[in-house]
Structure formats: C-alpha cells, structure tokens
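Q: Sequences listed follow chains A and B, in order. All the letters of the first sequence, read from the start, carry residue numbers 1 to 605 under the numbering used here. All the letters of the second sequence, read from the start, carry residue numbers 1 to 289 under the numbering used here. Ideal placement from N, C-alpha and C gives every residue a C-beta, glycine not left out. On a predicted model such as this, the values are computed, not experimentally measured, just so you know.
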Amino acid sequence: MGRSELTDTLIAGLLRGNVYALGAVGISLVFGVMNVVNFAQFSFFGLGAMLSWFFVSELGLPFYIALPLVLLICAALGFVINISVVRPLAKYLPLAAMLSTYAVSQILDNVSQIAFTAQFQVFPEVLPTSNLAIGSTRFGTSDVVMLGTTVVIMAAMALFLKYGKIGRAIRATSQDQEAALQMGIPVGLVQNVSFVIASALGGLAGVFIALYVGVANPGSGLNIGLTAFVAATLGGLGSLVGAVVGGFVLGILEAFGIHFFGDTARQIIVFVVLIVVLIVRPGGLFGKVPLLSAEPLTGTFLGKGRPLRIPRWVWPVAFVVLGVAVPVFGSNYVLTTGTQVLIYAIIAAGFTVTAGQAGVLALGQAGPIAIGAYMSAVLTLYLGFSFWIALPLSGLVAAIVASILASPIWGVKGHYISIATLGLGIAIVAVIQLVFPQGLYNIPVPTFFGTPLSTPLAYYLIDFVVLVITLVIMWRLRRSHLGKVISSVGADEVAALASGVRGRNYKALAFAVSAFFAGVGGSLLAHQYTYIDPTIFTMMMSLLVVTIVILGGVGLSYGAVIGSIILIGAMELLRFTPELRIIVYGLVLILVVRFRPGGILVRKS
Amino acid sequence: MSESLLQVTGLERHFDGLKAVDGVSFSVAPGEVVSIIGPNGSGKTTTLNLVTGTIRPHAGTITLEGTRIEKADSARIAEHGIARTFQNGRVFATLSVADNIEVGLHSTLRASRPFRGLSNIFLLRWIPLLGELFVAIVGTPGSRREEKQVASAVDAEIHRFEARLGPRRDDPAYSLSYANRRRTEIARAMALRPRLLVLDEPTAGMNQSETTEVLEQLLDLKAEGQAILLVEHKLDLVMRVSDRVIVMDGGRIIAEGAPEAVRQNPAVIEAYIGRRREPARDPNPGAPE
Numbered sequence: 001m002g003r004s005e006l007t008d009t010l011i012a013g014l015l016r017g018n019v020y021a022l023g024a025v026g027i028s029l030v031f032g033v034m035n036v037v038n039f040a041q042f043s044f045f046g047l048g049a050m051l052s053w054f055f056v057s058e059l060g061l062p063f064y065i066a067l068p069l070v071l072l073i074c075a076a077l078g079f080v081i082n083i084s085v086v087r088p089l090a091k092y093l094p095l096a097a098m099l100s101t102y103a104v105s106q107i108l109d110n111v112s113q114i115a116f117t118a119q120f121q122v123f124p125e126v127l128p129t130s131n132l133a134i135g136s137t138r139f140g141t142s143d144v145v146m147l148g149t150t151v152v153i154m155a156a157m158a159l160f161l162k163y164g165k166i167g168r169a170i171r172a173t174s175q176d177q178e179a180a181l182q183m184g185i186p187v188g189l190v191q192n193v194s195f196v197i198a199s200a201l202g203g204l205a206g207v208f209i210a211l212y213v214g215v216a217n218p219g220s221g222l223n224i225g226l227t228a229f230v231a232a233t234l235g236g237l238g239s240l241v242g243a244v245v246g247g248f249v250l251g252i253l254e255a256f257g258i259h260f261f262g263d264t265a266r267q268i269i270v271f272v273v274l275i276v277v278l279i280v281r282p283g284g285l286f287g288k289v290p291l292l293s294a295e296p297l298t299g300t301f302l303g304k305g306r307p308l309r310i311p312r313w314v315w316p317v318a319f320v321v322l323g324v325a326v327p328v329f330g331s332n333y334v335l336t337t338g339t340q341v342l343i344y345a346i347i348a349a350g351f352t353v354t355a356g357q358a359g360v361l362a363l364g365q366a367g368p369i370a371i372g373a374y375m376s377a378v379l380t381l382y383l384g385f386s387f388w389i390a391l392p393l394s395g396l397v398a399a400i401v402a403s404i405l406a407s408p409i410w411g412v413k414g415h416y417i418s419i420a421t422l423g424l425g426i427a428i429v430a431v432i433q434l435v436f437p438q439g440l441y442n443i444p445v446p447t448f449f450g451t452p453l454s455t456p457l458a459y460y461l462i463d464f465v466v467l468v469i470t471l472v473i474m475w476r477l478r479r480s481h482l483g484k485v486i487s488s489v490g491a492d493e494v495a496a497l498a499s500g501v502r503g504r505n506y507k508a509l510a511f512a513v514s515a516f517f518a519g520v521g522g523s524l525l526a527h528q529y530t531y532i533d534p535t536i537f538t539m540m541m542s543l544l545v546v547t548i549v550i551l552g553g554v555g556l557s558y559g560a561v562i563g564s565i566i567l568i569g570a571m572e573l574l575r576f577t578p579e580l581r582i583i584v585y586g587l588v589l590i591l592v593v594r595f596r597p598g599g600i601l602v603r604k605s
Numbered sequence: 001m002s003e004s005l006l007q008v009t010g011l012e013r014h015f016d017g018l019k020a021v022d023g024v025s026f027s028v029a030p031g032e033v034v035s036i037i038g039p040n041g042s043g044k045t046t047t048l049n050l051v052t053g054t055i056r057p058h059a060g061t062i063t064l065e066g067t068r069i070e071k072a073d074s075a076r077i078a079e080h081g082i083a084r085t086f087q088n089g090r091v092f093a094t095l096s097v098a099d100n101i102e103v104g105l106h107s108t109l110r111a112s113r114p115f116r117g118l119s120n121i122f123l124l125r126w127i128p129l130l131g132e133l134f135v136a137i138v139g140t141p142g143s144r145r146e147e148k149q150v151a152s153a154v155d156a157e158i159h160r161f162e163a164r165l166g167p168r169r170d171d172p173a174y175s176l177s178y179a180n181r182r183r184t185e186i187a188r189a190m191a192l193r194p195r196l197l198v199l200d201e202p203t204a205g206m207n208q209s210e211t212t213e214v215l216e217q218l219l220d221l222k223a224e225g226q227a228i229l230l231v232e233h234k235l236d237l238v239m240r241v242s243d244r245v246i247v248m249d250g251g252r253i254i255a256e257g258a259p260e261a262v263r264q265n266p267a268v269i270e271a272y273i274g275r276r277r278e279p280a281r282d283p284n285p286g287a288p289e
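#1: In chain order, which continuous runs of the beta strand (DSSP E) of length 3 or greater are located wholly inside the stretch 523-571 of chain A?
#2: My output table needs one value for P172 (chain B): the three-state DSSP class, helix, strand or coil.
#3: Use the C-beta contact count for W126 (chain B): other C-beta atoms within 10 angstroms, 16 or more gives buried, fewer gives exposed.
#4: According to DSSP, is G10 (chain B) part of a helix, a strand, or is it coil?
#5: Give, in chain order, every unbroken run of the alpha helix (DSSP H) that is at least 4 residues long and sits entirely within the stretch 382-428 of chain A.
#6: With DSSP collapsed to three states, give me the class of G17 (chain A).
#7: DSSP three-state call for V317 (chain A): helix, strand or coil?
#8: Check whether the stretch 450-461 of chain A and the stretch 106-124 of chain B touch, using three or more Cβ-Cβ pairs below 8 Å as the test.
#9: Compare the C-beta of P296 (chain A) against all C-beta atoms of chain B and say whether one is closer than 9 Å.
#10: I'd like to know whether the C-beta of S557 (chain A) is nearer than 9 Å to at least one C-beta of chain B.
#11: Would you say R195 (chain B) reaches chain A, if we count a Cβ-Cβ gap shorter than 9 Å as a contact?
#12: At a Cβ threshold of 9 Å, is P202 (chain B) touching chain A?
#13: What does L601 (chain A) reach in chain B if we use C-beta pairs closer than 9 Å?
#14: Would you call I486 (chain A) buried or exposed, if buried means 16 or more other Cβ atoms sit within 10 Å of its Cβ?
#15: Closer than 8 Å by C-beta to V238 (chain B): which residues in its own chain qualify, once you throw out the five before and the five after it? Chain order, please.
#16: Can you list the residues of chain B that I473 (chain A) reaches, using a CB-CB cut of under 8 Å?
#17: Going along chain A, which residues have a C-beta under 8 Å from T54 (chain B)?
#18: Can you find a C-beta in chain B that's less than 9 Å from the C-beta of S488 (chain A)?
#19: If you check the beta carbons only, do V490 (chain A) and V341 (chain A) fall under 9 Å apart?
#20: Comparing C-alpha positions only, which one of A:Y531, A:N223 and A:G167 sits nearest to S43 (chain A)?
#21: Do we get a CB-CB distance below 9 Å when we pair H106 (chain B) with the residues of chain A?
#22: Measuring straight from C-alpha to C-alpha, what distance separates P296 (chain A) and F516 (chain A)?
#23: For V122 (chain A), which beta-bridge partners are listed by DSSP?
#24: Taking T52 (chain B) and R84 (chain B) to be in contact with their CB atoms under 8 Å, please state how far apart those CB atoms are, rounded to whole angstroms.
#25: Can you look up L278 (chain A) in the DSSP assignment and give me helix, strand or coil?
#26: Going by beta-carbon coordinates alone, are S42 (chain B) and G251 (chain B) separated by less than 9 Å?
#27: To which residues of the same chain is F385 (chain A) closer than 8 Å at the C-beta, ignoring the five residues directly before and after it?
#28: Quick check on DSSP: helix, strand or coil for V135 (chain B)?
#29: Could you tell me whether the Cβ atoms of R168 (chain B) and A187 (chain B) are closer together than 9 Å?
#30: Roughly how many whole angstroms lie between the Cα atoms of L99 (chain A) and Q149 (chain B)?
#31: Do V86 (chain A) and F195 (chain A) have their beta-carbon atoms positioned less than 9 Å apart in this structure?
#32: For D99 (chain B), is the classification buried or exposed, using 16 other Cβ atoms within 10 angstroms of its Cβ as the cut-off for buried?
#33: Just the chain B side, please: which residues come within less than 8 Å of N505 (chain A) by C-beta, in chain order?
#34: Here's the rule I'm using: 16 or more other beta-carbon atoms within 10 Å means buried, otherwise exposed. How should P68 (chain A) be labelled?
#35: Check for me: the alpha helix (DSSP H) holding K288 (chain A) runs from which residue to which?
#36: Residues of chain A with a CB under 8 Å from the CB of E102 (chain B): which are they?
So this is what it looks like as structure tokens:
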C-alpha cells in the first residue's frame, strides 16, 4: 500500500466516519435521555438523502436552501414521532419502545418509497468533489465542507450541553431521570429536544452520505443506520464523545477493510469490531458498566403481568382446528399461508426460552435460521441425505455453530447483549453470502416412502407435527427445574449466582435450544421454497421473530403461535399491497405494545 | 480459632482509590451469630459482597471450613455452603414464591443435574448442561423422585413463614409486599441448607412488628444451630440475636466483642454519634463522620 493509497483510504474512512459519527451522536443522545434504542434514526438517513435529492434535482432549489429545509423537515418529523409513539411507549417498556421505533422506521421507509419510488436516484454534484490536492491525494470542496460542518456542529453541541440551560438539563436527565424530574427539570421537553436534534442530525448524515456516494434510495438508510448504531455502541451508548470516536474509528477501519478484502467483508468487519470491543469493554469504549446491576425494587425489564388462564378445552380445540379443520377445509392458498405461520411459530416458540426466560432479547435469529436452511440444502442436494435426517441435523448444526459464535458474548449485559446478537446474526448471513454468493436452487422436496410430498397440504402437515413436538418440548422445559433456573437468570442474574446458578451457562443453553428450533425452521423454509439466497435472511426476519414473541407474551411458547397467526397470517391478507402491509405491521405493533405491553395473552397487573 | 467456620484475613477492596474495605479480619464459629454494624458507608455491605463472591477482593484471604474461597465465583461459593440475601431484596420477580425457593435448592440437587462436577470446565460444561436438558424434557426415575423431594423441601421453607407466604405460594414475586419479598429471599437462602447464612439488613424498610417477627425467626434459626453473618442497623435486634458484634468504620474494624461490651465501647459511640475527642487523640483522621 503506497502512501497516496494510504491517505486516500484514510480520507474515505474519515468521510464515512463523519456520517457514522453524526448518526451515532443522535442515537446516543436519545438513548441517554430515554433509555430507548431508536431504530427510527435509520430512516432519517434515507429520508435526508431523498429529500435533498428531491429539493435539488427535482425542484431545482440551491443546495444552501435545500439543506436547512431537509433539517427542518426531519426535526419536525422527529418531534411528531416522539410525542405520538416513542414517549408514550417508553413509559411502559423500553424494549417495546425499541420495537415500535423499528415499526416507525418501516413506516417512514415505505412512505418515502411511495413518494420517491424505490429506485436509486443519482445525486447532483452540488460542490466540486475533486478540485483540491495534498501531494498526490485528491479531494474536493465538498469533502472539506462536510468535515467542517461536522466539526462546527460537534463544537456547538459540546458548548450547548456544557453551558446551555437545556443542554445541562439533557445531561442531568441522562444521568438520572427520576432525580431530574424531582428537581423540576421538564423531562418531557428535554426528551423532545433530544429527539428533534437527533432527527436533524440523522437527516444531515443522510445528506452527507448522498453527497459522498452520489446515489441514494429510500432504503439506503438501513446499512448506514446499522453501522452508526454499532458506532454508538462501540463508543458506549449514552456517551456523545464515544459516539463521535466510535463513528470515526469504524469509518476508518471499514475503509481499510474494504480496501483489503472488498466490499462483501464490510459487515463482517463492522460486527467483528463490535463484538471484540464488547468483550474487552462491555460498556463500550467510553461507557461505564456498574459493578453490580442495581438491585431491582420492583422487578426486571421482562414484562410483568400474569398469563391469562387458558381453559383446558382450548388445547384440544386448537389442535383440532389447526391440525384437522384447516387441512381438510383449507384451500391451497390458506395452506400455503398456514405453513408460513407454522414455521414462524416453531422458530418463535423455540425463541421464548431465550427471550422470555433467560431474558436475552437476541436480535439475530435470522443467523441460525440461515444456518439451518443452508445446512439442510447442502445435506440433501450434495450429500444425498434424506429430508427427515437433514431436518434435525440442521437444527443441531445451527445450535452448535451459533453457540460457538455466541460463546464470547454471554458476559455482556443489558442492551449490549441484544446488539451483540444482532451483529452476530448479520455477520453469519454475511459469511454465508461469501461462501454461497449465488443462492441454492432445486432443493429436493421431502419424500415419504418414495412419494414426493410437494403439495401445500403435505407441507402443512409436516410443519404442524413439528410445531406440536416443539410446543411439547417447550412445555416440558418450562415446567422443569431447569426451566425455573433459566427464568431465574433472566429475572436477576446476581441473585441467581448467589443461589449457585451459573448464569452464563444457562443463557448459553437457552440460546442453543432457540438456535436449534431456528435451524429446524430454516430447514423447513428451505425445502418449501426449494430456492434460498442470503436476501431472505434479513434483519427484518430477525425482528419479525422478536415481534411475534413479544406479541404473544414473551415467555409463553403457545403465545408464539398466536403472534405468528397475527403477524404472518393476517399480514398475508395484505400481500397485494406490500407498502401498506408494512405500514399496517407497524401500526399493529404499536397498538399492541400500547395496550398490551406484556403481550396479547398476558394480563397487565 | 482452628475450629472456625469462616475465617477472613486482611480483606481489602477499593473503588477508584476509595478504600471501602481496608484490612478486615474476623471469623465466624459454627453455630455462631456474628453481626457487623457501623455507620453508612463503613464497608459492611462490601464486606458481605466480598465474602459471598459477588465482588472480588483485591487482597486478603477468605476460608470456609479450611477451603480458600476468595477467588471463587459466587455460584461456587454458594455450592460451598454460603447463602445470602441482598440489601434491597433481590427476588426473581417473574417467578412464583415456590419457584423462587426451588431455585435456591439448585445447588443441593443431584439427579436433575447429571455430571454436575463438570459445570466449571471449559467446553465440558456442555455435558451437564445437555444432561440437565435431557432430564428436563424426558426425565429419569431418579429425577422424578427428586422432584418430590424438591416439592417437600419447598413446602418446608414456606412453612417457616406459613402465615405470610403460605397464601402467596403461587403468586409471582413482583406482586408481593416488600416484607414478603424479604421473607421469600430468606426462605430461598435457607433452601440451600447453608453452613453460613449471610443476611444484609433483613429488616430494612420493615415496621416494628415485622422487625419483631424477623427477630423471632432469627432466634429460631439460631436455636437450630444455624451460623449467621448479619449486617443490620437496628441495634436492638443486633443486641438480642448476636453472639458477637463487629463494628466497622471507614473500611476498618474499630471494635469487636460481646454485644454489651461493644455497646459501651467509646470508639463505637463516637462512630455512631460523631462526638469528637481532642483532635490530637483522634485515631482515625479523615474518617467519614
């Protein structure tokens, strides 16, 4: 690597890092004052880029007018989102608020897609990009302006937080919300201001990424958003200095990574960096983790509430309806939708032991699902295994591989463990993409004594049997001593340790059980689709699993069936209009979280 | 002191330069009730956290029945036979009272935890984990027998607080009153059948009659021969229940002895009431309050 290449890469890294830093500051700011991880921030990147394209290219406004307009619109949107969705929900359950911010982000992306279409738009060159040089390294006014703007904004933010009245209130609120309230700080106002600032910064980052890359579409916020999110975690959620440092560190590492290993390695690098940092410094570079988690006076973050008492007759009735009535009377369309419902119910039911009992809200279940799907495909396609052997085997392999990869993260605490698993899921799929860039075709259908089982009815019945087995296993597990021990780890790990329960071991075991069922579900998906590629196993899939579990009641395996019927089945009815579908998904999620924060089958108490 | 149950020598722990526990040595004999008192911030809870492995000491040794435990984690210390409660109460909020107590039995179980000797070994710990999973889902004749023993052990612990916890047996712990959470915690700790029971302010936040009730129960435990290490602010209770009292201030032990002797000790009175003698004779300049 020559010197000019080195400086080129460094500049590229600085410019990327610049964008990440802006985004990360927004995420960290909101996390500090509301304790909510704000996925809606992702959408502001895409939105900022699209709006500035619209103003400059379509309306022909000068850039210096377009930029403040974009910031204003993003800020106003942020305000509306905060008072209508995030703040009301953060009161109930920060986790629910996090999921609802994801719903908001889905809605924003889709509205933006309806408004601007999903196509990539070429961004006009508003400032020269290659008119300056230091030695042999060329760069442009555009780059200088971007970096300069960030420096000015960060300096202004630092002064505002240090000396401004509201700035001080923001710092006070992020240290102790209760105490701030008692001292008469208008916490609501502080949260609104933080959210507005964060949204505007997100919009600005979006404009910058459009300027830097030159093209943008409404979905382009997701990747940048994820990286900015990792940057905020890297620095330590809630620490603004950390967010800036994390952003630039990640930008530079990424630029060098792409230089050496190519663009496919990007996500792997990002998440390897994240996981290494979290293992070495569990609170991020600038964050602090308390030596002992606070002694909970009223319980834990797991939703409180009692599961509704299910009358005994419900079980046989549900069995007959799902196992007999649907297969006998259902049309092929109903059966095909039904198989999807059943597969997600299997994955989600297996996930309840991790999310509901062990208290680890893993956000990367798409990883083990993908391992199961690919394993099953490879076993049957190339190694001549029968489906019936490949099915449990792929669950087993998913459990083993996911457990090995996840083994370093069980000491990580709180939100960070969710983020680490999110990274894990994305990294697994990225590795699979490296190995199988093309996708796998012609995955054989299951056969039964020589008869191919390729009808929707056959798939439905197979999946139904697997679901029943899954539910029985989860029920046995939950009732056993082991089940109670796993729940104790989720409820209070320090107290569990003092009772002789090795928390890390049981979290790892719960995760392995969940990964097994995720792998089984992946295998079922692969043989039903007969074609798989990495674009199936997205973050959306991971979050869908989480949402299903939350919807049904986070620790109830049978709740996963209800959640799956609602989210997969009812959403299927809206398949003819994909944009509307995601908007409705978002609304359903927000409404459920608002009125049944513990899940549909859990009564608030 | 060769027959002591717990022997602590030269224990030290500091937080960012503040010496919370600064060279503490004491012992607890089998069947003995020892209380640690002292003003807020004197290092009592930190001492308990060190003894139970919740945090690690920076120096010193802790010996339980001849076994060194200062480097062991809290799970292993629990297996060695030290059970504890926490200052503000840590119950498993989403579990019922009975299930809370059942978790306390964890370290006493055999059949539900095959190969449990391997649980601390890298990679091999998966053998007991998968064994437990198998027992949970399929079950063995031994584990079914043990289930019955677990149920009766849970009943026995609930019986300790029958009037209070009996009716709440199947209620989730988050729905309990503060005092009932403390009782659940004590019952959970007793389920371990500990050689040493460590209680961190068991009556904090309780009213007079509830405190009296706890006193009765502590006296019952003492009569059963249970060794107890107690941190408590309510001196009446401490004087009634303790065989020996240790007084801490500024991370050090400033007095130790029988309850009555300690009560008369001028250094203790000074630490509590803050009366100063002539500055020149102040033995501990800069100590808080």
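A: Taking the definition as stated:
#1: The DSSP assignment places no complete beta strand (DSSP E) segment of no fewer than 3 residues inside the stretch 523-571 of chain A.
#2: P172 (chain B) sits in a strand when the DSSP states are folded into three classes.
#3: Counting Cβ neighbours within 10 Å, W126 (chain B) comes out buried, since at least 16 surround it.
#4: Looking at G10 (chain B) - three-state DSSP - the assignment turns out to be strand.
#5: Counting only runs of 4 or more, we get 387-406.
#6: Helix.
#7: Of the three classes helix, strand and coil, the one that applies to V317 (chain A) here is helix, per DSSP.
#8: Contact between the stretch 450-461 of chain A and the stretch 106-124 of chain B is absent, because fewer than three Cβ pairs lie under 8 Å.
#9: Annotation note: pLDDT 44 at P296 (chain A) (below 50); position unreliable, coordinate value reported separately. True, the Cβ-Cβ gap to chain B drops below 9 Å.
#10: Closer than 9 Å: no.
#11: Judged by the 9 Å Cβ criterion, R195 (chain B) is not in contact with chain A.
#12: So no, P202 (chain B) is outside the interface.
#13: Proximity of chain B to L601 (chain A) at the Cβ level (cut-off 9 Å) is not reached, the minimal Cβ distance being about 15 Å.
#14: Buried is the call here.
#15: The answer, listed in chain order, is S35, I37, L230, E232, V245 and P259.
#16: Simply I137.
#17: Residues of chain A passing the Cβ test: L292, V494, L497 and A498.
#18: Under the Cβ criterion of 9 Å, S488 (chain A) is counted among the residues facing chain B.
#19: Sequence check: residue 490 (chain A) is Gly here, not Val. Between G490 (chain A) and V341 (chain A), the C-beta gap is not smaller than 9 Å, which leaves the two residues out of contact.
#20: Comparing Cα positions, the closest option is A:N223.
#21: Proximity of H106 (chain B) to chain A, defined by a Cβ-Cβ separation below 9 Å, is satisfied.
#22: Caution applies to P296 (chain A), whose pLDDT of 44 falls short of 50 and renders its modelled position unreliable; the value that the coordinates give is listed next. A direct Cα-to-Cα measurement between P296 (chain A) and F516 (chain A) gives close to 32 Å.
#23: DSSP, once it has assigned bridges, lists A:V215 as partnering V122 (chain A).
#24: Right, their Cβ atoms sit about 5 Å apart.
#25: In this structure, L278 (chain A) counts as helix in the three-state DSSP scheme.
#26: Here S42 (chain B) is near G251 (chain B), since their CB atoms are less than 9 Å apart.
#27: Excluding positions up to five away in sequence, the list reads L379 and L393.
#28: Per DSSP, reduced to three states, the secondary structure at V135 (chain B) is helical.
#29: Judged by their CB atoms, R168 (chain B) and A187 (chain B) are not nearer to each other than the 9 Å cut-off.
#30: The alpha-carbon of L99 (chain A) is positioned some 43 Å away from that of Q149 (chain B).
#31: Contact: yes.
#32: D99 (chain B) comes out buried.
#33: Taking a Cβ-Cβ cut-off of 8 Å, the neighbours of N505 (chain A) in chain B comprise S119, R125 and L129, given in sequence order.
#34: It is exposed - the Cβ of P68 (chain A) has fewer than 16 other Cβ atoms within 10 Å.
#35: Here K288 (chain A) belongs to no alpha helix (DSSP H), and DSSP marks it neither H nor E.
#36: When 8 Å is used as the limit between beta carbons, E102 (chain B) is near these residues of chain A: H481 and K484, in chain order.
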